[in-house]
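Each residue of the sequence shown is one higher than the one before, counting from 1 in the working numbering.
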Amino acid sequence: MNADRLRPVVLTLAAGVLAAVLTGCQQGGAAAGGAAPSVPAASTATPGSAGSAGSGGGGTPTAAPTDAPTAAPTVAPVVKEPAAPKASEPVPAPKPKTTAPAPACVDSTPGPDDVDPDEFALYRIEELDGSTGKVNLVVRHGAWGCGSADSDGGPFVVTGEESRWALDQAAYVTATNPIVAGTENQRIGVQELIDWVDAHPDSGLVFRYGTGDDGAIHRLEEVFTP
Numbered sequence: 001m002n003a004d005r006l007r008p009v010v011l012t013l014a015a016g017v018l019a020a021v022l023t024g025c026q027q028g029g030a031a032a033g034g035a036a037p038s039v040p041a042a043s044t045a046t047p048g049s050a051g052s053a054g055s056g057g058g059g060t061p062t063a064a065p066t067d068a069p070t071a072a073p074t075v076a077p078v079v080k081e082p083a084a085p086k087a088s089e090p091v092p093a094p095k096p097k098t099t100a101p102a103p104a105c106v107d108s109t110p111g112p113d114d115v116d117p118d119e120f121a122l123y124r125i126e127e128l129d130g131s132t133g134k135v136n137l138v139v140r141h142g143a144w145g146c147g148s149a150d151s152d153g154g155p156f157v158v159t160g161e162e163s164r165w166a167l168d169q170a171a172y173v174t175a176t177n178p179i180v181a182g183t184e185n186q187r188i189g190v191q192e193l194i195d196w197v198d199a200h201p202d203s204g205l206v207f208r209y210g211t212g213d214d215g216a217i218h219r220l221e222e223v224f225t226p
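1. Can you tell me which of the three DSSP states Glu-162 falls into?
2. Tell me the DSSP secondary structure of Gly-228 in three-state form.
3. In whole angstroms, what separates the C-alpha of Leu-167 from that of Ile-179?
4. Could you work out which residue in Gly-133, Val-115, Ser-148 is closest to Arg-140 when comparing CA atoms only?
5. Looking only at its chain, what residues have a beta carbon closer than 8 Å to the beta carbon of Val-206, apart from the 5 residues adjacent to it on each side?
6. Identify the continuous beta strand (DSSP E) that holds Glu-221 and give its terminal residues.
7. Quick one, which of Ile-188, Pro-110, Asp-198, Asp-202 has its alpha-carbon nearest Trp-144's?
8. Could you check if Leu-128 is buried or exposed, using at least 16 other CB atoms within 10 Å of its CB as the buried criterion?
9. Is DSSP giving Asp-168 helix, strand or coil here?
10. Along the beta strand (DSSP E) that carries Ile-125, what are the first and last residues, could you check?
11. Within 10 angstroms of its Cβ, does Gly-215 collect 16 or more other Cβ (buried), or is it exposed?
12. Just the Cα atoms here: how many angstroms apart are Ser-163 and Leu-137?
13. Kindly indicate which residue of Lys-134, Ile-217, Ala-175, Val-158 has the alpha-carbon position closest to the one of Val-106.
14. Kindly give me the distance between the Cβ atoms of Ile-188 and Ile-125, rounded to whole angstroms, as I take these residues to be in contact under 8 Å.
15. If you draw a straight line from the C-alpha of Ala-104 to the C-alpha of Val-135, how long is it?
Structure follows, in structure tokens:
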């Protein structure tokens, strides 16, 4: 057989064999791909929706379980009401302390409790340096004695030693009998009082006095004695 005539035949046969081989490989690959296991896609349907789809919508959907803890019930705090105060018995008011009234008069030499703190008997007046603006009264304290039934009053009974009290030369001074005529107090000057006392020393006339902020006597009033 001529070689030129055989070449087309050989090429034809070779092409047929190659086609058969390719066809077999494609079928084998398909078979292998079909045997491989398939991974199902993750389902996003909820249990409720799945149940509805399976039963055709006639079934009751099942609630999904939850892990959230149930909240504990709130308990209101117990508030204690204050106990009602017990009725207490009325406390009796303290009895006022009673003090014995000061005696209106004394029958003997007066003691410290009997001395009148606002009155004294005047005996003398001592003049001081004019720059001080004051003079000294020489006095004795005491208390009023009890007079007889037919008298107008008792005498002023002195006690203790003589003492000296400063009298302001601008003090308010009043006097009655015997310094001035009459039984009513009249305003006099300090110098007028000094002149009378110098002329009648140790007379013991009784005066009521009041002091100022400086401790000196700023008010002096004679007490009338019958």
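Backbone N, C-alpha and C fix where the C-beta goes; we use that ideal spot for every residue, glycine too.
For this structure:
1. Residue state, collapsed to three classes: coil.
2. Since the first residue shown for the chain is 1 and the last is 226, residue 228 is missing from the structure and cannot be characterised.
3. When rounded, the distance between both Cα atoms is 18 Å.
4. That would be Val-115, whose Cα lies nearest to the Cα of Arg-140.
5. Closer than 8 Å at Cβ, skipping near neighbours: Glu-119, Phe-120, Ala-121, Leu-122, Phe-156, Glu-222, Val-223, Thr-225.
6. 217–222 is the span of the beta strand (DSSP E), which, as asked, contains Glu-221.
7. Nearest option by C-alpha distance: Pro-110.
8. Counting Cβ neighbours within 10 Å, Leu-128 comes out exposed, since fewer than 16 surround it.
9. Secondary structure at Asp-168: strand, using DSSP grouped into helix, strand and coil.
10. According to the DSSP assignment, Ile-125 belongs to the beta strand (DSSP E) that extends over 119–127.
11. Exposed, since its Cβ has fewer than 16 Cβ neighbours within 10 Å.
12. Their backbone Cα atoms lie some 8 Å apart in a straight line.
13. For the residues Lys-134, Ile-217, Ala-175, Val-158, the minimum Cα distance to Val-106 belongs to Val-158.
14. About 13 Å separates the beta carbon of Ile-188 from that of Ile-125, a gap too long to meet the 8 Å contact definition.
15. Approximately 32 Å between the Cα atoms of the pair.
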